[in-house]
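Read through the structure below, which is laid out as structure tokens, and then see the notes.
Protein chains: 2
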Amino acid sequence: MNTALGDLPPSAAHAHTGAWVASVLRSRIAEGRLVPGTKLSEQSLSETLGISRNTLREAFTVLDGELIITRIPNRGVFVASPGPDEIREIYNVRRILEPAAALWGPGPDLDELRSVVADARDALARGSVPEMAAANQRFHEALILGTGSTGLLETMQRVLAQMRLVFHAMSNAPDFHSHYVELNAELLELLAAGKRAEAAERMRGYLDKAEAELLAQFTAAH
Amino acid sequence: MNTALGDLPPSAAHAHTGAWVASVLRSRIAEGRLVPGTKLSEQSLSETLGISRNTLREAFTVLDGELIITRIPNRGVFVASPGPDEIREIYNVRRILEPAAALWGPGPDLDELRSVVADARDALARGSVPEMAAANQRFHEALILGTGSTGLLETMQRVLAQMRLVFHAMSNAPDFHSHYVELNAELLELLAAGKRAEAAERMRGYLDKAEAELLAQFTAAH
DNA sequence: ATTTTCCAGATTGTTCAACAATTTGGTGCT
DNA sequence: AGCACCAAATTGTTGAACAATCTGGAAAAT
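Taken in sequence, the protein lines are chains V and U.
Numbered per the working numbering, the first sequence spans residues 1 to 222.
Numbered per the working numbering, the second sequence spans residues 1 to 222.
Right, dumping it as structure tokens:
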């Protein structure tokens, strides 16, 4: 039943087994091997992971805090499956965080951004959607990293993790990522030219459009 | 020994005992009854709270995620005691979040803000520092609430909780809060007049100054 | 007297087994 | 079909046990 977990990394660094288990599950969910809505049974999981139910519970508490799983009392935990409300929340966060980082951040690492854009174009040419998605993630991470706040970076990573869940929930949807390769490139140019206000404003526009597209696609997929 | 906990709220709604315990500890820390640096012994705490060590551990995992406590492996958990680095991080977050909310938020609840400012002035007149602090908190919460994002609100509340810890760690410091009553009032006026860009810019200035003051005060207190 | 080594006690990390509380799904009744 | 009800399964919580690690100080060495 639980073949979705596959091989387990050696439990080598088990400083805090609970944290290690959380990271394993986080990876599996990010990769899409654990699909949104999947029930994570305590008994089954603790057996396949070779840990006790109590330790697994600690991992669940962590992931619950990250909004990656949903805990329903006395019913169990499930891989979170974001709906329209969650999508709106995601973009409410991004519409604040990303333009603010562009406008006021001490300065995003332009070299890193250039490298990411190049990778994204490579991936686009090769038609590799996963690599494009990864590059896209790195672009937005680098942007937020420019604020100098590790806390905001974590918030952004949490949001991006939820985005992955959204995409996994509509895997048959058209390709969004290729669309944004060039948009990111434009933003990079504006930032490199020091036109921060314009970058921020355009970013807000992009985010509005992306949210609308996703919501439309979601309701279309019923 | 553990008299700092005082009377316990009835364990009435113990949907998820772990979450209930986390909320109890959260309150005690916010009130300052548990001072930064205090060690939270598992055995002692589980006895006074009337819960098992395992359940207490779940609560610790939650509070660790909120950065309210610090967990040192095999050493125990302690009430977090923010230092200069944490103060800088706090203001890195606030310098992004609050001006962005002022500039782009769908609109903060002006009536709420007015009411908060009035309360703050009342408290100032009465010389009640705790009430001023509370009003100040509500001001910034209302601002972020204007973004429509519950997630950003939670981030803000986490940051404000850390601010409380900073103040508790320097309880003998001069009164910061009275200083900001009128600054908040000015911001409210700018917002009410629709001068968002100016409000955002001034807010960034205030935050810079507040950070510098806090850091100076902190190093002075050695 | 100072430093180092080492050990016993205490505390945390993890597991296990049991029981209470709650949900689920079906069974049979009306 | 609709409904009350019960049995099985799952989660929530506990207590006890043991391993791993840290602490503080006694004993030994310099």
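Don't be surprised by glycine CBs; every beta carbon is placed ideally from N, CA and C.
Query: Can you name the residues that DSSP bridges to Arg71(U)?; Result: Val77(U)
Query: Reducing DSSP to helix, strand and coil, say where Leu34(U) ends up.; Result: coil
Query: Is there a C-beta anywhere in chain V that falls below 8 Å from the one on His16(U)?; Result: yes
Query: Using a threshold of 8 Å, state whether the C-beta atoms of Ala173(V) and Pro36(V) are closer than that.; Result: no
Query: Since Asn92(U) meets chain V, which of its residues come closer than 7 Å, beta carbon to beta carbon?; Result: Thr147, Gly148 and Ser149
Query: Answer yes or no: does any C-beta atom of chain V fall closer than 8 Å to that of Ala12(U)?; Result: Residue placement at Ala12(U) is poorly supported in this model, since its pLDDT is 47, which falls under 50; the coordinates still yield a value, given next. With 8 Å as the cut-off, Ala12(U) does not count as an interface residue toward chain V.
Query: Does any residue of chain U have a CB that is nearer than 8 Å to the CB of Val129(V)?; Result: no
Query: Are the Cβ atoms of Pro106(V) and Gly151(V) separated by less than 8 Å?; Result: no
Query: Can you list the alpha helix (DSSP H) stretches of 4 or more residues lying completely in the stretch 136-220 of chain V, in chain order?; Result: 150-169, 177-192 and 196-220
Query: Check the C-beta distance from Ala199(U) over to Ala102(U) and give it rounded, since I have them as a contact under 8 Å.; Result: 5 Å
Query: So, Ala197(V) versus Leu110(V), is the Cβ gap smaller than 8 Å?; Result: no
Query: Taking a Cβ distance cut-off of 9 Å, strictly less, list which residues of the stretch 75-86 of chain V are near chain U, in chain order.; Result: none
Query: Measure the alpha-carbon distance for Thr3(U) versus Leu49(U) and round it to whole angstroms.; Result: Any answer about Thr3(U) is weak, because its pLDDT of 48 lies below 50 and its placement is not dependable; what the coordinates show is given next. Cα to Cα, Thr3(U) sits roughly 11 Å from Leu49(U).
Query: Could you list which residues in chain V have their beta carbon closer than 7 Å to that of Gly65(U), in chain order?; Result: Val62 and Gly65
Query: Between which two residues does the alpha helix (DSSP H) containing Gly66(V) stretch?; Result: Here residue 66(V) is Glu; the residue named in the question, Gly, does not match the sequence. Per DSSP, Glu66(V) belongs to no alpha helix (DSSP H) and is neither H nor E.
Query: Does the Cβ-Cβ distance between Ala80(V) and Ile68(V) come in under 8 Å?; Result: yes
Query: Roughly how many whole angstroms lie between the Cα atoms of Asn136(V) and Val181(V)?; Result: 7 Å
Query: Starting from Pro84(U), trace the alpha helix (DSSP H) both ways and give me its first and last residue.; Result: Pro84 to Trp104
Query: Does the distance from the C-beta atom of Glu86(U) to that of Gln157(U) stay below 8 Å?; Result: no
Query: Quick one: measure Cβ to Cβ for Arg53(U) and Glu42(U), integer angstroms, because I've assumed they're closer than 8 Å.; Result: 5 Å
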